[in-house]
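Undergrad:
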Amino acid sequence: MKYVDEFRDRDRAKSLVKEIAALVSEIDIAKDRPIAIMEVCGGHTHSIFRYGIEGMLPKEIELVHGPGCPVCVLPMGRIDDCVAVAEQPNVICTTFGDAMRVPGSRKSLLQAKASGADIRMVYSPMDALALARKNPNREVVFFGIGFETTMPSTALTILQAEAEGVTNFSVFCNHITIVPTIKAILDDPDMQIDGFLGPGHVSMVIGTNPYEFVAHYYNRPMVVAGFEPLDVLQSIWMVLKQIKDGRAEIENQYTRIVPEEGNAQALDAVYKVYELREFFEWRGLGSIEHSGVRIRDAYAQYDAERKFAMPHLKVADPHACQCGGVLKGLIKPWQCQVFGTACTPETPLGALMVSSEGACAAYYQYGGIKKQAVAS
Amino acid sequence: MNVIPISRAKRRLGTVSVPNVTLAHGGGGKAMKDLIDDVFISVFDGEGASALEDQARIDLLSLTKLGDRIAFTTDAFVVDPLFFPGGDIGKLAICGTINDLAVGGAKPLYISCAAIIEEGVSVDLLRKIARSMAETARAAGVRIVTGDTKVVHKGACDKVFLTTTGIGVIAECISLGVDRARPGDVVLVNGLLGDHGAAILGARGDMALDSPIVSDCASLHGLIADLLKAAPNTRAIRDATRGGIATVLNEIADASGVSISVDEEHTPIRPEVKGFCEILGLDPLYIANEGKLVAVVPPEEADAALRALRSDPLGQDAEIIGEVGRGEPGRVTMRTVFGGVRIVDMLVGEQLPRIC
Numbered sequence: 004m005k006y007v008d009e010f011r012d013r014d015r016a017k018s019l020v021k022e023i024a025a026l027v028s029e030i031d032i033a034k035d036r037p038i039a040i041m042e043v044c045g046g047h048t049h050s051i052f053r054y055g056i057e058g059m060l061p062k063e064i065e066l067v068h069g070p071g072c073p074v075c076v077l078p079m080g081r082i083d084d085c086v087a088v089a090e091q092p093n094v095i096c097t098t099f100g101d102a103m104r105v106p107g108s109r110k111s112l113l114q115a116k117a118s119g120a121d122i123r124m125v126y127s128p129m130d131a132l133a134l135a136r137k138n139p140n141r142e143v144v145f146f147g148i149g150f151e152t153t154m155p156s157t158a159l160t161i162l163q164a165e166a167e168g169v170t171n172f173s174v175f176c177n178h179i180t181i182v183p184t185i186k187a188i189l190d191d192p193d194m195q196i197d198g199f200l201g202p203g204h205v206s207m208v209i210g211t212n213p214y215e216f217v218a219h220y221y222n223r224p225m226v227v228a229g230f231e232p233l234d235v236l237q238s239i240w241m242v243l244k245q246i247k248d249g250r251a252e253i254e255n256q257y258t259r260i261v262p263e264e265g266n267a268q269a270l271d272a273v274y275k276v277y278e279l280r281e282f283f284e285w286r287g288l289g290s291i292e293h294s295g296v297r298i299r300d301a302y303a304q305y306d307a308e309r310k311f312a313m314p315h316l317k318v319a320d321p322h323a324c325q326c327g328g329v330l331k332g333l334i335k336p337w338q339c340q341v342f343g344t345a346c347t348p349e350t351p352l353g354a355l356m357v358s359s360e361g362a363c364a365a366y367y368q369y370g371g372i373k374k375q376a377v378a379s
Numbered sequence: 177m178n179v180i181p182i183s184r185a186k187r188r189l190g191t192v193s194v195p196n197v198t199l200a201h202g203g204g205g206k207a208m209k210d211l212i213d214d215v216f217i218s219v220f221d222g223e224g225a226s227a228l229e230d231q232a233r234i235d236l237l238s239l240t241k242l243g244d245r246i247a248f249t250t251d252a253f254v255v256d257p258l259f260f261p262g263g264d265i266g267k268l269a270i271c272g273t274i275n276d277l278a279v280g281g282a283k284p285l286y287i288s289c290a291a292i293i294e295e296g297v298s299v300d301l302l303r304k305i306a307r308s309m310a311e312t313a314r315a316a317g318v319r320i321v322t323g324d325t326k327v328v329h330k331g332a333c334d335k336v337f338l339t340t341t342g343i344g345v346i347a348e349c350i351s352l353g354v355d356r357a358r359p360g361d362v363v364l365v366n367g368l369l370g371d372h373g374a375a376i377l378g379a380r381g382d383m384a385l386d387s388p389i390v391s392d393c394a395s396l397h398g399l400i401a402d403l404l405k406a407a408p409n410t411r412a413i414r415d416a417t418r419g420g421i422a423t424v425l426n427e428i429a430d431a432s433g434v435s436i437s438v439d440e441e442h443t444p445i446r447p448e449v450k451g452f453c454e455i456l457g458l459d460p461l462y463i464a465n466e467g468k469l470v471a472v473v474p475p476e477e478a479d480a481a482l483r484a485l486r487s488d489p490l491g492q493d494a495e496i497i498g499e500v501g502r503g504e505p506g507r508v509t510m511r512t513v514f515g516g517v518r519i520v521d522m523l524v525g526e527q528l529p530r531i532c
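If you read the sequences in order, they're chains C and Y. Here the first sequence is numbered in our numbering, starting from 4 and rising by one per residue. Here the second sequence is numbered in our numbering, starting from 177 and rising by one per residue.
1) Could you tell me how far apart the beta carbons of Y:A422 and Y:L396 are, in whole angstroms, since I believe they sit closer than 8 Å?
2) What three-state label does DSSP hand C:V125 in the structure shown?
3) Taking all protein chains shown into account, decide if C:E29 is buried (16 or more other Cβ within 10 angstroms of its Cβ) or exposed.
4) At the 7 Å Cβ level, is C:E281 part of the contact set with chain Y, yes or no?
5) Please state whether the Cβ-Cβ distance between C:C324 and C:G289 is less than 7 Å.
6) Can Y:V321 and Y:L239 be called in contact, C-beta distance under 7 Å?
7) Using the Cα positions of C:E63 and Y:S391, report the straight-line distance between them to the nearest angstrom.
8) Any chance the region 186-201 of chain C sits against the region 226-234 of chain C, with 3 or more Cβ pairs inside 8 Å?
9) Starting from the beta carbon of Y:K450, find every residue of chain C whose beta carbon is closer than 7 Å, and list them in chain order.
10) Under 7 Å between beta-carbons, which chain C residues line up against Y:G516? List them in chain order, please.
11) Decide yes or no for the touch test of the region 304-318 of chain C against the region 76-91 of chain C: beta carbon pairs closer than 8 Å, at least 3 of them.
12) Taking 7 Å as the cut-off, decide whether the C-beta atoms of C:V182 and C:P213 are in contact.
13) So, is Y:I287 buried or exposed, given that buried needs 16 or more other C-beta atoms within 10 angstroms?
14) So, does the region 397-410 of chain Y touch the region 252-268 of chain Y, judging by three or more C-beta pairs under 8 Å?
15) Within 8 Å, do at least three Cβ pairs link the region 487-494 of chain Y to the region 407-417 of chain Y?
16) DSSP puts Y:D415 in a beta bridge; with which residues?
17) Would you identify the three-state DSSP class for C:M41, choosing helix, strand or coil?
18) Can you name, in chain order, every residue of its own chain whose Cβ lies under 7 Å from the Cβ of C:A120, other than the five neighbours on each side?
19) Which two residues bound the contiguous alpha helix (DSSP H) that contains Y:N275?
20) Beta-carbon separation of C:L279 and C:V296 under 7 Å?
21) Which residues mark the beginning and the end of the alpha helix (DSSP H) in which C:W337 is found?
22) Thinking C-alpha only, which one of Y:G280, Y:L338, Y:V297 is nearest Y:L352?
23) If we ignore side chains and look at the alpha-carbon of each, how far apart do C:I38 and C:K247 end up?
24) Using DSSP bridges, identify the partner residues of Y:V245.
25) Are the C-beta atoms of Y:L242 and some chain C residue less than 7 Å apart?
26) Measure the C-alpha to C-alpha separation of Y:A225 and Y:K206 and round it to an integer number of angstroms.
27) For the region 153-222 of chain C, list the alpha helix (DSSP H) runs that are entirely contained and at least 4 residues long, ordered along the chain.
28) What does DSSP give as the partner residue(s) for C:Y302 in the beta ladder?
29) To the nearest angstrom, report how far apart Y:A357 and Y:V470 are at their CA atoms.
30) Taking just the CA atoms, how far does C:D12 sit from Y:A332?
31) Count the other CB atoms within 10 Å of the CB of Y:V500; is the residue buried (16 or more) or exposed (fewer)?
32) Can you look up Y:S226 in the DSSP assignment and give me helix, strand or coil?
33) For the beta strand (DSSP E) holding C:N255, just list the boundary residues, first then last.
34) Could you name the residues that DSSP lists as bridge partners for C:V329?
35) In chain Y, what lies closer than 9 Å to C:D271 by C-beta?
36) Less than 7 Å between the C-beta atoms of C:P128 and C:P351, yes or no?
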């Protein structure tokens, strides 16, 4: 494929891996601890497994799969709320595909669909708005999830609905923001991350400036990275180079997509439609201050939380589930007590097993090779 | 061959005059008989079709001349949309059943067809489907010899569901099995993967992609016969339908207690399908095919097998994609174009598109 194959070139990969190995040999590494680099975004996790990148790296590098899979961090209570809305008689509930399997305390959206709720998979919130136009006598609710990557498209859809005067459309807003979450991870006393691969698509919207605190206050290097395998390798090299040079800066590897200042139009729509919530609940990480957004009063008529009665119950994560430890990089997926036994992609206990971007599902599906090497 | 085909009589060809199927067409009376006669029997291969029986009768002797085992298979078809680039539910049902027989090494001979029809479906639509089944069967030298129809209430099924059952005969010399793969064997596919699944997703139109991808729906028995002639010690053949080649490779690795490694670079996928999967976050290894097979052959017959496949239009893009090894039994791995190695596991449920 044109413009894609160039970023998957085997020979370039080989020479990059060599350069990474050379760099690692020059870094003073504590014997008992590898260099831990966290990829914040689930898209990176997917690329790492899809192309077998982890197995190509020197053993001194450990990749920690971070919290940047928006499906994975959805708490059960929010799924329960969405199911409750979807089960109301006149509602068509619309959602992105991989949110369908996330377990709620009673059922997932997939199970709710099987028992009769009208739940449909869409590829864009605009598809949901089109459904609302086509079904003026039904209430169409869009299950809005995702970081800043998907936030603007939901905002623009709300603005579009307003412009057209569509009244039977609303959004159950579960959009979350990445920066407070990175901060929460950095503040964790158990934190052992040496550097970060920054999220590429989020940064396309917000730019690279919001991450400056990672370098300034926490003294950790971060490289905003693209999603093709060569992007990932090059970004790892850039993080290592900073570590070797004793620098901590925010660098941008994904310059072909990410402008330093972000996308002004997208940000305008975001600020117009949403405001920060005091707190938002994350699966595995608990409540994080200012980490989610809600729809502003001016657009209240498009806010499903105000339009429909919802249980709004807080549901604790399953006791045996160690998603939090995995998300913070404290344990590897296979070190979780229920990995592959009580928690599998067929019957996920924790959300990390649900989406193919979730660290546990990725290990279950694609992993194993490095894991075996580590175990043996 | 002494076959007394077609279960119901062709004495008087009734005609259906109403435009849509109603519950009356499932009631067992004249309306039903007219529907069956007009829509189905009139186009199915009616040679000697004058029997008044409820079953097709097949002469045993004629079967035993062809081999020593009967292959018997059944499959249900519920595709949406009913018509898609490269095929329709009728062609799909016939090809699917032929392929299920052929991958066991059988010569496909007879097919039965049951249709479940939702009331309100247009009779012309049924005619088109029946004609497509008849043409596909005729081209493949297979006969549709018995069948049934049921009409159900609106909403009880989605327009038309078909169930086809097939019978074929396996020659004495052929012995294929998914448990027969051995370390050192090579793994082949007969062409570009993922076309059918991508064509169906594109044809559903709910993602506004103007995709030029055409389903690969085809009968593979001729190709398989040529393959078995060229590589008589072929260990296993599977058609890679739902779940794609990833599923088939896992089934073979599992049943044979071997590992299989495939090379992404040699796995043929057309750029349009790759692009389609990139956009939707799907993995082409798990996308359905309807005219693709995976064959495991011993190394000394690999070249002959590849030549045989490539000399047929249905196998012109055939490739050796990997080999059987002594690694962890049941494990399928892929060397990626990038140079890494990943595990190719069974798909857990439906492949759901990723959000970002």
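For every residue, glycine included, the Cβ atom is placed at its ideal position computed from N, Cα and C.
TA: In terms of the structure at hand:
1) With a contact defined as Cβ atoms closer than 8 Å, Y:A422 and Y:L396 miss out at about 19 Å.
2) Note: C:V125 maps to coil in three-state DSSP.
3) C:E29 comes out exposed.
4) Taking a beta-carbon distance threshold of 7 Å, C:E281 does not count as an interface residue toward chain Y.
5) In this structure, C:G289 does not lie closer than 7 Å to C:C324 by Cβ.
6) No; because the gap between Cβ atoms is not below 7 Å, this pair is not in contact.
7) Rounded to the nearest whole angstrom, the CA to CA distance from C:E63 to Y:S391 is 47 Å.
8) The region 186-201 of chain C, when compared against the region 226-234 of chain C, does touch it at the 8 Å Cβ threshold.
9) Under the 7 Å cutoff, chain C gives M4.
10) Residues of chain C whose Cβ lies closer than 7 Å to the Cβ of Y:G516 are, in chain order, Y54, G55, I56, G58, M59.
11) Here the region 304-318 of chain C lies against the region 76-91 of chain C, with 3 or more beta-carbon pairs under 8 Å apart.
12) In this structure, C:P213 lies closer than 7 Å to C:V182 by Cβ.
13) The residue is buried, with at least 16 neighbouring Cβ atoms inside 10 Å.
14) With a cut-off of 8 Å, the region 252-268 of chain Y and the region 397-410 of chain Y do not count as touching, because too few Cβ pairs lie within range.
15) Result no; under three Cβ-Cβ pairs closer than 8 Å.
16) Beta-bridge pairing links Y:D415 to Y:L469.
17) Look at C:M41 here: in three-state DSSP terms it is strand.
18) The answer, listed in chain order, is A89, E90, C96.
19) Counting along the chain, the unbroken alpha helix (DSSP H) around Y:N275 starts and ends at 265-278.
20) With contacts defined by Cβ atoms closer than 7 Å, C:L279 and C:V296 form a contacting pair.
21) No alpha helix (DSSP H) holds C:W337; DSSP gives it neither H nor E.
22) Sorting Y:G280, Y:L338, Y:V297 by C-alpha distance to the C-alpha of Y:L352 places Y:G280 at the top.
23) As the crow flies, the alpha-carbon of C:I38 is around 11 Å from that of C:K247.
24) Here residue 245 of chain Y is Arg; the residue named in the question, Val, does not match the sequence. The secondary-structure analysis by DSSP pairs Y:R245 across a beta bridge with Y:I346.
25) So no, Y:L242 is outside the interface.
26) Residue placement at Y:A225 cannot be trusted, given a pLDDT of 48 that sits under 50; the coordinates are not used to answer.
27) Runs of the alpha helix (DSSP H) lying entirely within the region 153-222 of chain C, each at least 4 residues long, are 154-167, 182-190, 203-209, 215-219 in chain order.
28) Beta-bridge pairing links C:Y302 to no other residue.
29) For Y:A357 and Y:V470, the distance between alpha carbons rounds to 12 Å.
30) If you draw a straight line from the Cα of Y:A332 to the Cα of C:D12, it is about 51 Å long.
31) Buried, by the Cβ-count rule.
32) Per-residue confidence for Y:S226 stands at a pLDDT of 45, beneath the threshold of 50, marking its modelled position as unreliable; the derived number appears in the next sentence. It is coil, neither helix nor strand.
33) Boundaries of the beta strand (DSSP E) around C:N255: 253-255.
34) Paired residues: none, contrary to the question.
35) Near C:D271 there are no residues of chain Y at all, since even the closest Cβ is about 21 Å away, more than 9 Å.
36) The Cβ atoms of C:P128 and C:P351 lie no closer than 7 Å to each other.
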